[in-house]
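K.L.:
Okay, here's the structure, questions in a sec.
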Amino acid sequence: MKKQILFVGNSYTYFHDMPERIFAPMASEDGCDYEVRALTHGGYKLCWYADPENEEGKRLRKVISGRHFDCIVLQDHSLSTIQTPGDFFGGIRALKALLQNHTDHFVLYGTWGRKPGCVTLEELGMTHEEMTRYIAEQYDEAGQRFGMAVAHVGKAFDAYLAENPDAELYFEDLHHSSPLGSTVAARTILDTIKAIL
103 MKKQILFVGN SYTYFHDMPE RIFAPMASED GCDYEVRALT HGGYKLCWYA DPENEEGKRL
163 RKVISGRHFD CIVLQDHSLS TIQTPGDFFG GIRALKALLQ NHTDHFVLYG TWGRKPGCVT
223 LEELGMTHEE MTRYIAEQYD EAGQRFGMAV AHVGKAFDAY LAENPDAELY FEDLHHSSPL
283 GSTVAARTIL DTIKAIL
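Following my numbering, the numbering of the sequence shown begins with 103 at its first residue and continues without gaps.
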């Protein structure tokens with residue numbers, strides 16, 4: 103029987119149709135029989151999905167109604183850990199309460215720091231390395247607090263670039279992923295899921 107995987111997030115998840123076009127074939131190549139579904143909306147925070155009055159929150163409730171998923175992957179807005187940590191931790195807490203009877207496992211999709219040169223880094227007063235490290239620390243804290251595994255895609259980006267310095271993991275806007283970046287993200291998430299299923 104196929105294992106059911108649900109992705110909940112925003113454009114960092116849906117860029118290049120990562121769940122269906124990259125993650126699912128990669129899982130199949132690894133011998134994993136997964137059925138993949140994604141619920142994503144550009145710029146969204148997890149706390150908005152938790153809101154029963156939000157349109158995407160309503161969609162999420164329809165998706166999970168009468169269904170059970172082997173793993174649900176949660177990806178918050180890329181700046182939530184820094185700018186709105188209350189929303190970040192509160193959103194994960196609320197979604198765990200909503201979804202825990204519909205899944206066996208959660209994976210938190212830890213995102214990456216903006217590419218050097220991105221204006222957001224200057225606005226935040228952070229380097230790429232500082233942003234990536236801070237995001238990873240916040241996701242680790244959430245994982246420990248809520249008992250969830252963390253797929254550290256941000257760390258995976260930096261590790262990949264350390265070995266392949268000419269690789270381009272970023273889209274031209276300097277913060278979304280390139281097709282290769284989405285592939286690195288899919289591999290990191292898949293390896294995390296395989297370790298717990």
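Ideal Cβ positions, reconstructed from N, Cα and C, are used throughout, including at glycine.
Just to confirm the assignment, what range does the beta strand (DSSP E) spanning T290 have?
P.N.:
First-last for T290: 281-298, but that is the alpha helix (DSSP H), not the beta strand (DSSP E).
K.L.:
What are the complete alpha helix (DSSP H) segments, minimum 4 residues, inside the stretch 163-241?
P.N.:
Listed in chain order, the complete alpha helix (DSSP H) runs (minimum 4 residues) inside the stretch 163-241 are 182-185, 187-201, 221-226.
K.L.:
Give me the Cα-Cα distance between I194 and D172, rounded to the nearest whole angstrom.
P.N.:
Going from the Cα of I194 to the Cα of D172 covers about 18 Å.
K.L.:
Just how far apart, CA to CA, sit F125 and Y146?
P.N.:
If I take the Cα positions, the gap works out to 21 Å.
K.L.:
Quick one: residues in its chain with C-beta nearer than 6 Å to the C-beta of Q106, no 5 flanking neighbours on either side, listed in chain order?
P.N.:
Result list for Q106: E137, F171, D172, in chain order.
K.L.:
Run through DSSP, which three-state label would E131 get?
P.N.:
In the structure shown, E131 sits in a helix (DSSP, three-state: H, G or I).
K.L.:
Taking the alpha carbon of R235 as the reference point, which residue from H277, T290, I184 has its own alpha carbon closest?
P.N.:
R235 has its Cα closest to that of I184, out of H277, T290, I184.
K.L.:
Return the CA-CA distance between L263 and A238, expressed in angstroms with no decimal places.
P.N.:
Approximately 17 Å between the Cα atoms of the pair.
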